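Engineer: The following block contains the structure, expressed as structure tokens.
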Amino acid sequence: MRLIDTHTHLDFDPFDHDRSEVLAQCKAVGVERVLVLGVHQANWARVWQMAQDEPAVYAALGLHPVFLQDHRPAHIEALRDWLQRLRGQEKLCAMGEIGLDYYIDNLDKERQQQLLEAQFELANEFELPVLLHVRRAHAQMIATLKRCKLKRAGIAHAFSGSWEEAREYIKLGYKLGLGGAGTWPQAHRMHRVLQQLPLDSIVLETDAPDITPHSHAGQRNSPAFLPDICRELAELRGISPEALAEASYRNSCELFGWE
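So for the sequence shown, our numbering puts the first residue at 12; every next one is plus one.
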């Protein structure tokens, strides 16, 4: 199987002691590309350097809503400067991780919305796809996407919403990022949605080091676990792992403009 992990945080501290070994494991199991997402101004340089140093690593840069208290108005201009400087670089493939998080009570919704729309403007300016974090905010995100009309679509990462919400994203041209959450036996709604999703709407991800799949319960998640996630989701979908891997690979390449 050939696989692309469309969402990781391989720059985070839990990988500091074995990052090279994890990338070697990815290569051994067929994970050809690993996308690492920036989440705040302080980690963009680390993410970009990793993409320069590691052939399999690709980068996205953004301001994540969970780190709202760390973000400043000047960081939008700093992000624009980064995107301008990196325009046309093959290893920069998206804006992200950006979005809305209504799960955490103390995150100001109005500020989140302003931050999201400011980053949508950058995504349009630099014609980049967007990698979306959405927790308990699908209705607001879908309404915003309909109003803002981005030039390029993207991925609703770690999707665990309803079939009706999935259908709205698909109508707008978005892919749905599926990972470890859907492999757990108690994820009944996700199992039902998975069986209805068209294959051309699915991309696979790990969100490593978070959202470990059921087969690796209790462990730190890793992009090297993506083949196991693929096998578990394929079984739930009623297709072969090879068919799901090929669909995800094709969809990812189409989204990011890769050959």
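Even for Gly, the Cβ is constructed at its ideal location relative to N, Cα and C.
Bear in mind that the values here come from a model prediction, so they are computed numbers and not experimental data.
(1) Closer than 6 Å by C-beta to residue 148: which residues in its own chain qualify, once you throw out the five before and the five after it? Chain order, please.
(2) Is the separation between the beta-carbon of residue 19 and that of residue 47 shorter than 7 Å?
(3) Quick check on residue 13: does DSSP put it in helix, strand or coil?
(4) As a quick exercise: from 13, 17 and 12, pick the residue whose alpha carbon is nearest that of residue 266.
(5) Identify the residues that DSSP records as bridge partners of residue 166: which are they?
(6) Provide the residue(s) that pair with residue 106 in DSSP beta bridges, ordered along the chain.
(7) For the region 101 to 109 against the region 72 to 89, do three or more pairs of beta-carbon atoms, one drawn from each stretch, fall closer than 8 Å, so that the two count as touching?
(8) Could you have a look at residue 231 and say whether DSSP puts it in helix, strand or coil?
(9) If you drop the 5 nearest sequence neighbours on each side, which residues of the same chain put their C-beta closer than 7 Å to that of residue 138?
(10) If residue 239 sits next to residue 226, beta carbons under 8 Å apart, how far is it from one beta carbon to the other, in whole angstroms?
(11) If you draw a straight line from the alpha carbon of residue 195 to that of residue 35, how long is it in whole angstroms?
(12) Tell me whether residue 130 is buried or exposed, calling it buried when 16 or more other Cβ atoms sit within 10 Å of its Cβ.
(13) Which term fits residue 115, buried or exposed, when burial requires 16 or more other beta carbons within 10 angstroms of its beta carbon?
(14) Give the single residue among 207, 242 and 212 whose Cα lies nearest to the Cα of residue 224.
(15) What are the boundary residues of the beta strand (DSSP E) that includes residue 240?
Structural biologist: To lay it out plainly:
(1) 111 and 113
(2) yes
(3) coil
(4) 17
(5) 142 and 186
(6) 72 and 141
(7) yes
(8) coil
(9) 162 and 163
(10) 5 Å
(11) 27 Å
(12) buried
(13) exposed
(14) 242
(15) It is not in any beta strand (DSSP E) - residue 240 instead sits in the alpha helix (DSSP H) that spans 237 to 248.
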